[in-house]
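Each residue of the sequence shown is one higher than the last, beginning at 1 in the UniProt record's numbering. Have a look at the structure below before the remarks.
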Amino acid sequence: MLPLARYRAPSDPVLLYPGGAITATTFFSQVHHLAAALPDTRFVVNLCETRHGFMLGFAAALLRGQTSLLPSGQGRSDREQVLRQYPDAWLLSDKPLAAERVFDIGLFLVNSAAHAMQMPLVDDDQMAAILFTSGSTGQPSAHSKTWGQLCHGAASLAAALNWEEFPSCTIVGSVPPQHMFGLETTVMLPWATGIPVHAQKPLLPADVDNVLRQSDRSSWWMTTPMHLRAPLHALSGLAGVVASTMSLPASVARAAETAWQVPVMEIYGSTETGALAIRRTASENLWTPLTGVSLWLEGEGEGQKIWAAGPHVGPPVALGDELKLQPDGRFLWLGRSTDLIKVGGKRASLSALNQNLTDIPGVDDGAYFSPANDNTHASGNNSHPAQRMAAFYVSATLSPREVLKTLRASIDPVFLPRPLYRVAQLPRNANGKLPQAALVELFAQCHLQKAPHMMISAEHPALSGHFPNNPLIPGVVILARVAQAIRTAFPHMELDTLLNARFHAPLKPGNAFIIHPQLQDERVRFKVLLADSEVLIASGQWQCRATNSLQAGNA
């Protein structure tokens, strides 16, 4: 049995608010009250958006012997995807939620009658959480963690940060606790070391500064590289920064260290494993594994894999990355195993291409994308040929022509993105990652905006006899064009069932029209509009499913 947390005195702060703190006595009284009231179920989906709500729901579920299901996002589609796998689970929420089987924990967040601090004990073999990947490389997958694994991971992370047994700092988190990095750093790390965490979730340095001023202790900021790319502001009371969820450029780390005079540490890990290694990116290329973590190479040629094991990892896990192991145990990250693309007989790393794009001065964010992703990625040296790569970028100053000119000086011309779309922002989730489905939809939207208007001529064979002297385009012909547009926009989806369709106004031959499909999970909502007036011609939904090639490519 392991303690839920290591707070030593009833007055120890657990959560810091602008007006005060939630003490250990108050917090664990709330935990006991909520645990007694939770519905009798094996699984709960913790959708609480506040840090207080999440920590309370997570702790109470542990006391009841329940497993917390942690989707990677807070959207309706994220929770519905989880509920399809766990249909008997209850939803925990700290705000009104229009869904069935919802337990509102809002009443338990207020100060309950405090009793003598009673620290709960949890069996180290208890299945504490099942986390779901972000879908950045395909469909989200589930990975379970016992309470013992989570505790071991937090202890290893504290040691890697060179914290003393009972540190005197606080934690500020800009990442959601439903993600493995957020769970490890903003929930498990403060519990394992007995330190408080700020209840707010500031995203930008200016917001972090406001939070830091609320505490008389120095704070570690748990964040993502995307947040560090924002304009840097002076920060008072900062002890250090820990970043993860995506690659941190050394230039960004150096700029942050220069501005704040604190160490900026980067975590290497995954949802499957938790944190595995750490480095100070501004001055180190090599990663140092956390205490107890073992990495080794198995297999030969194309079948080579890097395996990871450790007390918090569980059974050995085959990593999806290419690593160069060093004799002293450290390693160099070379990229994703599925990161190689081949265009025109030449190979390149997708990570390297993204880095070239985002390194351009004036580009705030960017990402390459393959319109035919199922033929793009490869393992080892067995890369498959890809169509010409597309790319998106965010910039307030640079035109696509200027970006292409800069890229042409640093990469092979065959990897210049065609098309290159300038967008207001990339569809990153709360962890800074780009789910593949979101990129597919963004490409479809950009592609359709530049696509020519459609038109059906009066000579179309379907018009013969269809209202003589006043011909109208039959609905079945319109739907055929809709199906064609869906296949073009979402090449990784197969049309299944037409769920519904409504025709709102007639379409005459020779009238230009446009089709707007929008992918939501495995359904495509569509609208057909007249090109000039945008009068609604037709609308509906089409059930789709991912093709086998996409599923295989993302396995």
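Virtual Cβ for every residue (Gly too), placed ideally from N, Cα, C.
- Closest in alpha carbon position to residue 285, among 334, 455 and 178, is 334.
- Ranking 176, 454, 353 and 171 by CA distance to the CA of residue 189 puts 171 first.
- In the structure shown, residue 218 adopts coil according to DSSP, grouped into three states.
- Its Cα nearest to that of residue 417, the residue 407 stands out among 525, 519, 407 and 425.
- Residue 314 is positioned such that its CB atom lies no closer than 9 Å to that of residue 305.
- If the five residues before and after residue 85 are omitted, its C-beta is found closer than 8 Å to the C-beta atoms of 142, all from its own chain and listed in chain order.
- In the displayed model, residue 147 falls within a helix according to three-state DSSP.
- When the five nearest sequence neighbours on each side are left out, the beta carbons in the same chain lying within less than 7 Å of the beta carbon of residue 41 are those of 66, 88, 89 and 90, in order along the chain.
- For residue 195, no beta strand (DSSP E) run applies, since DSSP gives it neither H nor E.
- Comparing C-alpha distances from residue 33 to each of 9, 10, 20 and 64 shows the shortest one belongs to 64.
- Its Cα nearest to that of residue 321, the residue 332 stands out among 312, 332 and 311.
- Only buried fits residue 260, as 16 or more other CB atoms lie within 10 angstroms of its CB.
- Distance check between residue 318 and each of 295, 424, 187 and 254 places 295 closest, using alpha-carbon atoms only.
- Cα atoms of residue 50 and residue 249: separation of roughly 30 Å, rounded to the nearest angstrom.
- Taking C-beta atoms as the reference points, residue 23 and residue 10 count as a pair closer than 9 Å.
- In this structure, the beta-carbon distance from residue 489 to residue 529 does not fall below 9 Å.
- By a beta-carbon distance limit of 8 Å, residue 97 does not contact residue 82. Their separation comes to about 14 Å.
- Taking a 10 Å sphere around the C-beta of residue 122, we find 16 or more other C-beta atoms and assign the residue as buried.
- Taken through DSSP and simplified to helix, strand or coil, residue 478 comes out as helix.
- In this structure, residue 478 and residue 526 do not form a Cβ contact; the two beta carbons are roughly 10 Å apart against a cut-off of 8 Å.
- Leaving aside the five residues that flank residue 429 on each side, the residues in its chain whose CB is nearer than 7 Å to its CB run, in chain order, 72, 73, 134 and 435.
- By DSSP's assignment, residue 544 forms a beta bridge with 495.
- If you ignore the 5 residues before and after residue 276, its C-beta comes within less than 7 Å of the C-beta of 268, 269, 289, 290, 293 and 308, all in its own chain and listed in chain order.
- Along the length of the region 228-299, whole alpha helix (DSSP H) runs at least 4 residues long occupy 250-260, reported in chain order.
- The C-alpha of residue 484 lies about 14 Å from the C-alpha of residue 541.
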